[in-house]
DNA sequence: CGACCCCGTGACAACGATGTCAAGATCGAG
DNA sequence: CTCGATCTTGACATCGTTGTCACGGGGTCG
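Chains as they are written, first to last, in my numbering: chain A, 2 to 353; chain B, 2 to 353.
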């Protein structure tokens, strides 16, 4: 039995048609099918029609990966995106922006959640690489991304988003974390607050450290002794932040204002303030916007990041690298913006 | 020049090492490398060590797609997920649940946004299929999914989420839309409302129709003439919903209560009520939960869906099909739950 | 001690596509 | 009408991996 006497694929609906099946049905060679499917020139109109007809009849879809194996450019037309969690609004907006840029190029996006687990980071990256993604957009959490060095040497574009890499050099797109935190802090200082608490994310996260630094340095510039400033870290979700805020606010010498370094932490603080009925007394500025932050009472004053811009720029950098940009690593900084909505404009309590 | 005299891959850091390179370095055959990499039995401990050493030295990552081409099961270990927008909290939660189930199986997830564009639906599905995903989890918007029939015949698992398919039969996982809408409506009726408006999503969306039906039928059961009930449809985002709500509430005979059929619409209505300063006078129950809905004042009463459960069940169905379940299509209904938070418990205005 | 079996191993074809190349058909110019 | 140039087409090798098979060596059993 010759290869072509395979039941003509229409016979066996469970088998997937290949170019051979299409070629047989159209009465042409496989290479000609390939040419038609890929829109290559120098095929007669009649042949094109025959091939397209056959392809439609069989519901043929070319196998991108098989082609990719042989194709000169070796591109899989897919991208790997690693974020904290696809369930987080920051990540959702970033993901969407990446997708929009990728879609224009016919590139599909693998998305994976990290959950601040360094091991998961490496597993996810390895999973992407085994699938031969054309580029990586990564939010990282492990101490060093040195494990990516061989891949970078091979020329795979890697863009770090939200957090900068350690142990390797590559493009990154981040918010101006220290500046934004300083801006938030100054906003509170200018309204007379002197006892401001910092509630922050896990200590190991590069971004968290930057925000903490911006906060403390701004206090220093305004002559506030940073020795007694309450700095609470390692808060990773709403619940831990809520509990920490409750303890802080019911403890001795509670702060008159709080700076929270991340959206989930901000929400936890809002909850704690509500529970204590002090949401109109204690000022709050959060880093990273909070959904519906403008509809709460008081509105939540935040230093908003621009996750869509971060995602868009990151994706554009990946494609620039794929298009041959071999310049040295670029560090793009996306500005943050203070949005005053009420909670950050509460003056320090006079009575006490 | 023999194939093996290729520079040994360590020489040229831009080339990606293959099993041939690993085999050459370890001094074994390619098939043995394959065995080690895939953990197949019957390889001596010494050989395993040599191969792993060589693989580590070269930073070898097997090409999943090349293997897939030859492998008997033909599985790409990837899944396609199509949602309204990855930037929507409902989709984010669903996506996350799918990812968690897939991760256990070593399966990666392609995520794509639909934006309620029927053409984009087909383009995205085709993109998934060309990448030979093992299964599809789809939120659809086009009038018919008949174009999937050949693929279904081939045995590719397709699970429809959130909305049921038209023109084909396959597994689906949906909320109890009509029941949930009826529940919301009853909640308002029991508090004395008689003039209740419906603000809903695009008419063509199957889910939207179900919710509208549940709403109207419940009114009917309570003897409310549905002739004069304000039914406003084709609202697809916050802004259009806000404008529609403004017009409705400032028009003649404004309703004393509103049922909004979708999270973005609910938010638009909340904004409109705020603008008019009537958020403590007009009752509101929304379908689908709203982020921070409990922190608004009044809290937003909703019929909450369970996107995580929907995603988990959908992913489990895909894997059940892949594991050989050939039963007839299953329709799973995930219950909704009314969460009273204040806005739905506002009584009808007496003064008027 | 011979027959048999199992273990470890590698040569080879094949998966579905594309790059290369050469052959036949067609066409225009002289 | 001939010759070279151009267009159209398909045979074949190949991409990186895995399934098949065969081979040699060592152990077991009668």
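Note that CB positions come from ideal geometry on N, CA and C, so glycine has one too.
Interface positions of the stretch 293-316 of chain B facing chain A (Cβ-Cβ less than 7 Å), listed along the chain: 293, 296, 297, 298
DSSP-derived helix/strand/coil call for residue 99/B: Sequence index remark: in the second chain, residue 99/B carries index 98 (1-based). Residue 99/B: helix per DSSP, three-state reduction.
DSSP beta-bridge partners of residue 199/A: Here residue 199/A corresponds to residue number 198 of the first chain, with the count starting at 1. Answer by DSSP bridge pairing, in chain order: 232/A, 260/A.
Going straight from the alpha carbon of residue 158/A to that of residue 349/B, what length do you get? The count along the first chain starts at 1 and reaches residue 158/A at position 157. The count along the second chain starts at 1 and reaches residue 349/B at position 348. So the two alpha carbons sit approximately 60 Å from each other.
Where residue 266/B sits in the DSSP three-state scheme: By 1-based counting over the second chain, the position of residue 266/B is 265. It is helical.
Could you tell me whether the Cβ atoms of residue 270/B and residue 285/B are closer together than 8 Å? Within the second chain, residue 270/B is the residue found at index 269, counting from 1. Within the second chain, residue 285/B is the residue found at index 284, counting from 1. Closer than 8 Å, so yes.
Contact set between the stretch 258-280 of chain B and chain A, restricted to residues whose Cβ is under 8 Å from the partner: 268, 271, 272, 275
Taking 8 Å as the cut-off, does the stretch 177-190 of chain A touch the stretch 238-245 of chain A (at least 3 CB pairs, one atom from each stretch)? no
With a threshold of 8 Å between beta carbons, is residue 343/B in contact with chain A? Taking the first residue of the second chain as position 1, residue 343/B is located at position 342. Not closer than 8 Å to any Cβ of chain A, the Cβ of residue 343/B fails to qualify, so no.
Below 8 Å on the Cβ atoms is my contact criterion, and I expect residue 291/B with residue 268/B to pass it. Report the Cβ-Cβ distance as a whole number of Å. Counting from one through the second chain, the residue named residue 291/B turns up at place 290. Counting from one through the second chain, the residue named residue 268/B turns up at place 267. Confirmed, Cβ separation roughly 6 Å.
Taking its Cβ as the centre, do 16 or more other Cβ atoms sit within 10 Å of residue 319/B, making it buried, or is it exposed? The sequence position of residue 319/B within the second chain is 318, counting from 1. When all chains shown are included, residue 319/B counts as buried.
Beta-carbon within less than 8 Å of residue 195/B's beta-carbon, same chain only, minus the 5 sequence neighbours each way: which residues are those? If you number the second chain from 1, residue 195/B lands on position 194. If we look at residue 195/B and ignore the five residues flanking it on each side, its Cβ neighbours are 225, 257, 349.
I'd like to know whether the C-beta atoms of residue 132/A and residue 109/B end up nearer to each other than 8 Å. Here residue 132/A refers to the residue found at position 131 when the first chain is read from its first residue. Here residue 109/B refers to the residue found at position 108 when the second chain is read from its first residue. Cβ atoms of residue 132/A and residue 109/B: closer than 8 Å.
Is residue 212/A closer than 8 Å to residue 178/A when the C-beta atoms are compared? For the purposes of this step, residue 178/A is taken as the residue at position 177 of the first chain. For the purposes of this step, residue 212/A is taken as the residue at position 211 of the first chain. Cβ distance < 8 Å, so residue 178/A and residue 212/A count as in contact.
What in chain B is Cβ-close to residue 114/A, meaning under 7 Å? Position 113 of the first chain, counting from 1, holds the residue named residue 114/A. Correct list: 97, 100.
Any beta-carbon of chain B closer than 8 Å to the one on residue 3/A? As a position in the first chain, residue 3/A is number 2, starting the count at 1. Residue placement at residue 3/A is flagged as unreliable, the pLDDT there being 38, under the threshold of 50; the coordinate-derived value follows with that caveat. Residue 3/A does not count as touching chain B.
Please state whether DSSP places residue 168/B in a helix, a strand or coil. Locating residue 168/B in the second chain gives position 167, where the first residue counts as 1. In the structure shown, residue 168/B sits in coil (DSSP, three-state: anything other than H, G, I, E or B).
Does residue 208/A pass the burial test, meaning 16 or more other C-beta atoms within 10 Å, or should it be called exposed? In the first chain, residue 208/A corresponds to position 207, counting from 1. Residue 208/A should be labelled buried.
Exposure of residue 261/B, with buried meaning 16 or more beta-carbon neighbours within 10 Å: One-based indexing of the second chain puts residue 261/B at position 260. With 16 or more other Cβ atoms within 10 Å, it is buried.
Within chain B, the residues that residue 90/A reaches when beta carbons sit closer than 9 Å: Position 89 of the first chain, counting from 1, holds the residue named residue 90/A. Under the 9 Å cutoff, chain B gives 88, 90, 93, 292.
Compare the Cα-Cα distances from residue 295/A to each of 19/A, 140/A, 338/A, 344/A and report the closest residue. Along the first chain, read from residue 1 onward, the residue named residue 295/A stands at position 294. Cα-wise, what sits closest to residue 295/A is 344/A.
Against chain B, with Cβ distances strictly below 8 Å, would residue 354/A count as a contact? The structure shown has nothing for residue 354/A, since chain A only spans 2 to 353.
Per DSSP, the bridge partner or partners of residue 343/A: Along the first chain, read from residue 1 onward, the residue named residue 343/A stands at position 342. Answer is 300/A, bridged to residue 343/A.
Nearest CA to the CA of residue 152/B: which residue from 123/B, 297/B, 332/B, 324/B? What you label residue 152/B is simply residue 151 of the second chain in a count that begins at 1. Out of 123/B, 297/B, 332/B, 324/B, 123/B has the C-alpha closest to the C-alpha of residue 152/B.
From what residue to what residue does the beta strand (DSSP E) around residue 84/A run? One-based indexing of the first chain puts residue 84/A at position 83. Start and end: 79-84.
Smallest Cα separation from residue 71/B: which of 74/A, 71/A, 72/A, 67/A? In the second chain, the residue the question calls residue 71/B occupies position 70. Ranking the options by Cα distance to residue 71/B, first place goes to 67/A.
Using a C-beta cutoff of 8 Å, does residue 66/A count as contacting chain B? Taking the first chain and counting its residues from 1, one reaches residue 66/A at position 65. Yes, contact with chain B.
What span of residues does the beta strand (DSSP E) with residue 113/B cover, start to end? Stepping through the second chain from its first residue, residue 113/B is reached at position 112. It spans 109-114 - the beta strand (DSSP E) in which residue 113/B sits, taken as one unbroken run.
Starting from residue 129/A and walking both ways along the alpha helix (DSSP H), at which residues does that stretch end? Locating residue 129/A in the first chain gives position 128, where the first residue counts as 1. Its alpha helix (DSSP H) spans residues 119-131.
Proximal chain B residues relative to residue 156/A, where beta-carbon distance stays under 7 Å: Within the first chain, the letter at position 155 stands for residue 156/A. Neighbours of residue 156/A on chain B, chain order: 15.
Beta-carbon within less than 6 Å of residue 322/B's beta-carbon, same chain only, minus the 5 sequence neighbours each way: which residues are those? One-based indexing of the second chain puts residue 322/B at position 321. Cβ within range, chain order: 158.
Backbone CA spacing between residue 141/B and residue 172/B [nearest angstrom]: As a first step, residue 141/B is located in the second chain; it is residue number 140 there, counting from the start. As a first step, residue 172/B is located in the second chain; it is residue number 171 there, counting from the start. Approximately 13 Å between the Cα atoms of the pair.
Among residues of its own chain, excluding the 5 on either side of residue 60/B, which ones have a beta-carbon nearer than 8 Å to its beta-carbon? As a first step, residue 60/B must be located in the second chain, where it is residue number 59. Same-chain partners within the cutoff: 18.
Nearest-angstrom beta carbon gap, residue 100/B and residue 44/A [assumed within contact, 8 Å]: If you number the first chain from 1, residue 44/A lands on position 43. If you number the second chain from 1, residue 100/B lands on position 99. Actually they do not touch by this definition, with Cβ atoms about 42 Å apart.
Can you tell me the Cα-Cα spacing of residue 187/B and residue 129/B, whole angstroms? On the second chain, residue 187/B is found 186 positions in, with the first residue counted as 1. On the second chain, residue 129/B is found 128 positions in, with the first residue counted as 1. Roughly 42 Å between the two C-alpha positions.
Are the C-beta atoms of residue 62/B and some chain A residue less than 8 Å apart? Taking the first residue of the second chain as position 1, residue 62/B is located at position 61. True, the Cβ-Cβ gap to chain A drops below 8 Å.
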